[in-house]
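Asks: Quick mapping for you: the protein sequence lines, in order, are chains A and B.
According to the UniProt record's numbering, the residues represented by the first sequence are 1 to 238, in order.
According to the UniProt record's numbering, the residues represented by the second sequence are 1 to 238, in order.
Have a look at this one.
2 protein chains.
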Amino acid sequence: MQSLHIVSAYDEELKYLSKRIAAMGGHAERMVEQSVLALVNADPDLARKVVEDDAILDQGQREVDDKAILLIGKRQPMATDLREVIGVIRISADLERVGDLAKNVAKRVASVGDNSMQPASLYRGLEALADLALTQLKEVLDVYASRSVETIGFVRDRDDQIDAMYTSLFRELLTYMMEDPRNITPCTHLLFCAKNIERIGDHATNIAETIYFIVTGEQMPVERPKGDKTDRIVIPAR
Amino acid sequence: MQSLHIVSAYDEELKYLSKRIAAMGGHAERMVEQSVLALVNADPDLARKVVEDDAILDQGQREVDDKAILLIGKRQPMATDLREVIGVIRISADLERVGDLAKNVAKRVASVGDNSMQPASLYRGLEALADLALTQLKEVLDVYASRSVETIGFVRDRDDQIDAMYTSLFRELLTYMMEDPRNITPCTHLLFCAKNIERIGDHATNIAETIYFIVTGEQMPVERPKGDKTDRIVIPAR
Numbered sequence: 001m002q003s004l005h006i007v008s009a010y011d012e013e014l015k016y017l018s019k020r021i022a023a024m025g026g027h028a029e030r031m032v033e034q035s036v037l038a039l040v041n042a043d044p045d046l047a048r049k050v051v052e053d054d055a056i057l058d059q060g061q062r063e064v065d066d067k068a069i070l071l072i073g074k075r076q077p078m079a080t081d082l083r084e085v086i087g088v089i090r091i092s093a094d095l096e097r098v099g100d101l102a103k104n105v106a107k108r109v110a111s112v113g114d115n116s117m118q119p120a121s122l123y124r125g126l127e128a129l130a131d132l133a134l135t136q137l138k139e140v141l142d143v144y145a146s147r148s149v150e151t152i153g154f155v156r157d158r159d160d161q162i163d164a165m166y167t168s169l170f171r172e173l174l175t176y177m178m179e180d181p182r183n184i185t186p187c188t189h190l191l192f193c194a195k196n197i198e199r200i201g202d203h204a205t206n207i208a209e210t211i212y213f214i215v216t217g218e219q220m221p222v223e224r225p226k227g228d229k230t231d232r233i234v235i236p237a238r
Numbered sequence: 001m002q003s004l005h006i007v008s009a010y011d012e013e014l015k016y017l018s019k020r021i022a023a024m025g026g027h028a029e030r031m032v033e034q035s036v037l038a039l040v041n042a043d044p045d046l047a048r049k050v051v052e053d054d055a056i057l058d059q060g061q062r063e064v065d066d067k068a069i070l071l072i073g074k075r076q077p078m079a080t081d082l083r084e085v086i087g088v089i090r091i092s093a094d095l096e097r098v099g100d101l102a103k104n105v106a107k108r109v110a111s112v113g114d115n116s117m118q119p120a121s122l123y124r125g126l127e128a129l130a131d132l133a134l135t136q137l138k139e140v141l142d143v144y145a146s147r148s149v150e151t152i153g154f155v156r157d158r159d160d161q162i163d164a165m166y167t168s169l170f171r172e173l174l175t176y177m178m179e180d181p182r183n184i185t186p187c188t189h190l191l192f193c194a195k196n197i198e199r200i201g202d203h204a205t206n207i208a209e210t211i212y213f214i215v216t217g218e219q220m221p222v223e224r225p226k227g228d229k230t231d232r233i234v235i236p237a238r
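This is the structure we're talking about:
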């Protein structure tokens, strides 16, 4: 009975940590959505809200970390159970970082300024990029809830789409900067926003790799191709 | 005797992990140094070497992770011992990321192209920024070796210096971009290089926080001010 009791207390504590991860994931998704909305609508109030909301993820990560380490020390889990707890530590770190990236997008809203200066297609491009990154994050968190790692292949495909879209935005932004020096400041901030959103997709992929590791005990097969090719973009001035 | 034997085997395994961290740290430092050297001297061969060398850190992190998790499962460490192993997992993740950032600087060398186009002061600024970030990384790894966390206050001060220097470089780069559209492509890549170097300093600070946690079991006091203020920079075109 004693051992059953311990096992069940352990399960309860683990379930609590999983619930915290789900809550942090939902919070991170909302921050990403709202940061891009604030950018597209040049909405400083919404941007300020996103910046403030980041503290919740910071605090969430600290709590999950502390509880996870206590849990390992107290229950001394083995094999899958240990991987679950280590996984929780890793995923909460990725979600905290997603929050930082959303906050960074929000903090640039004021510097981008009057967004009627830039073509609407740029903002549609950023929205589309954020949609892809958010879908990636949501589906990965669904896999975390269901542990259905056999479906996890979608992550690589969407990674490729995110990278292709980011590359095309990067080119477009450089082109606008060359057309008119007044575009340089806002488009530089939009470049960093695009980069931040692309990084959110990377963190979603990290989370997918962690889930794969939790379930299988193995590293996810096939090195993920580092897709950001913008380091090679050169646009000659006319 | 049995227990003494177990303790000593545990110490050996932990010592091995610490040694791997020290080796990864040395490797990451070299990658950062060489990536900036490749950038300043427009040296594509050295840049290629840095890109290739990154695989060693990726592999190092995977090995440290696997061994650390095995060690927790096998030896079931408590308190400080457990924190040591969790710390190793965190630090190796930060060092792997430092390698990624150095690789990203190296990958931009070709796109920056002929560096006699930009003023030498820009490259001196990037070198000075990298020197600061590297000093931060080296001193933090020294603290890891000595566990002398009472000296760790230097981390905050240097963080502030790194942020101030990055902000000034960001302004300078935007200004050059406005002066001549031919500067836009190379200076955009240099902007991302500067950002990558600034992030290396952040990872050094993360490592300092992990060491503080290992030794004391507490979070490092006082929220670190997020120093990158470049999100607020607006330079009006003339």
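Glycine is no exception: its CB is placed at the ideal position from the N, C-alpha and C atoms.
Quantities reported herein were computed from a predicted structural model and do not represent experimental measurements.
Along chain B, in chain order, which residues have C-beta atoms closer than 9 angstroms to that of alanine 237 of chain A?
Replies: Correct list: Asp180, Pro181, Arg182, Asn183, Ile184, Thr185.
Asks: CB glutamine 136 of chain A to CB glycine 87 of chain A, shorter than 8 angstroms?
Replies: Not a contact, by the Cβ cut-off of 8 angstroms.
Asks: Hey, isoleucine 207 of chain B and aspartate 53 of chain B: beta-carbon distance below 8 angstroms or not?
Replies: Cβ distance not < 8 angstroms, so isoleucine 207 of chain B and aspartate 53 of chain B don't count as in contact.
Asks: Tell me the start and end of each unbroken alpha helix (DSSP H) in the stretch 104 to 137 of chain B that is at least 4 residues and wholly inside, in chain order.
Replies: Correct list: 109 to 112.
Asks: Per DSSP, what kind of secondary structure is glutamine 2 of chain A in: helix, strand or coil?
Replies: Per-residue confidence for glutamine 2 of chain A stands at a pLDDT of 49, beneath the threshold of 50, marking its modelled position as unreliable; the derived number appears in the next sentence. Of the three classes helix, strand and coil, the one that applies to glutamine 2 of chain A here is helix, per DSSP.
Asks: If you run the structure through DSSP and keep just helix, strand and coil, what is methionine 165 of chain A?
Replies: It is helical.
Asks: Between valine 155 of chain A and leucine 39 of chain B, what straight-line distance do the alpha-carbon atoms span, to the nearest angstrom?
Replies: For valine 155 of chain A and leucine 39 of chain B, the distance between alpha carbons rounds to 33 angstroms.
Asks: Helix, strand or coil for serine 148 of chain A, going by three-state DSSP, please let me know.
Replies: Looking at serine 148 of chain A - three-state DSSP - the assignment turns out to be coil, as it is neither helix nor strand.
Asks: Give every residue of the same chain whose Cβ lies closer than 8 angstroms to the Cβ of leucine 132 of chain B, excluding the five residues on either side of it in the sequence, and list them in chain order.
Replies: Excluding residues within five positions, the ones whose Cβ falls inside 8 angstroms are Arg158, Gln161, Ile162, Met165, Gly201.
Asks: Tell me whether threonine 205 of chain B sits in a helix, a strand or coil according to DSSP, three-state version.
Replies: Looking at threonine 205 of chain B - three-state DSSP - the assignment turns out to be helix.
Asks: Could you give the distance in angstroms between the alpha-carbon of threonine 185 of chain A and the alpha-carbon of glutamine 59 of chain B?
Replies: Cα to Cα, the separation comes out at about 39 angstroms.
Asks: Can you pull the chain B residues whose beta carbon is under 8 angstroms from the beta carbon of isoleucine 233 of chain A, in chain order?
Replies: Simply Ser111, Thr185.
Asks: So, under 8 angstroms CB-CB, isoleucine 91 of chain B and threonine 210 of chain B are touching, yes? Tell me the CB distance rounded to an integer number of Å.
Replies: Indeed, because the Cβ distance is near 6 angstroms, the residues count as touching under 8 angstroms.
Asks: If you draw a straight line from the alpha carbon of leucine 57 of chain B to that of methionine 24 of chain B, how long is it in whole angstroms?
Replies: In a straight line, the C-alpha of leucine 57 of chain B is about 6 angstroms away from that of methionine 24 of chain B.
Asks: Quick check: the stretch 110 to 125 of chain A against the stretch 77 to 86 of chain A, are there 3 or more CB pairs under 8 angstroms?
Replies: Flag = no, the stretch 110 to 125 of chain A and the stretch 77 to 86 of chain A do not touch.
Asks: When you compare the CB positions of phenylalanine 213 of chain A and leucine 191 of chain A, do they come within less than 8 angstroms of one another, or not?
Replies: No; because the gap between Cβ atoms is not below 8 angstroms, this pair is not in contact.
Asks: Scan the UniProt domain "PhoU" (128 to 210) of chain A for residues whose Cβ lies nearer than 9 angstroms to a Cβ of chain B and list them as they occur along the chain.
Replies: Hits within the stretch, in order: Phe170, Leu173, Leu174, Met177, Met178, Glu179, Asp180, Pro181, Arg182, Asn183, Ile184, Thr185, Pro186, Thr188, His189, Leu191, Phe192, Lys195.
Asks: Can you find a C-beta in chain A that's less than 8 angstroms from the C-beta of leucine 17 of chain B?
Replies: No - not a single Cβ of chain A is within 8 angstroms of the one on leucine 17 of chain B.
Asks: How should tyrosine 16 of chain A be labelled, buried or exposed, when 16 other C-beta atoms within 10 angstroms of its C-beta is the threshold for buried?
Replies: Tyrosine 16 of chain A is exposed by the Cβ-count criterion.
Asks: For residue 290 of chain B, count neighbouring Cβ atoms within 10 angstroms of its own Cβ and tell me buried if that reaches 16, exposed if not.
Replies: The requested residue 290 of chain B does not occur in the structure, where chain B is confined to residues 1 to 238.
Asks: Determine the extent of the alpha helix (DSSP H) in which glutamate 63 of chain B is found, giving its start and end residues.
Replies: Glutamate 63 of chain B -> alpha helix (DSSP H) spans 44 to 75.
Asks: Just to check my reading of the structure: methionine 177 of chain A and cysteine 193 of chain A have Cβ atoms closer than 8 angstroms, yes? What is that Cβ distance to the nearest angstrom?
Replies: Actually they do not touch by this definition, with Cβ atoms about 14 angstroms apart.
Asks: Beta-carbon within less than 8 angstroms of tyrosine 10 of chain B's beta-carbon, same chain only, minus the 5 sequence neighbours each way: which residues are those?
Replies: Within the same chain, tyrosine 10 of chain B has close Cβ partners Leu71, Arg75, Pro77, Asp81.
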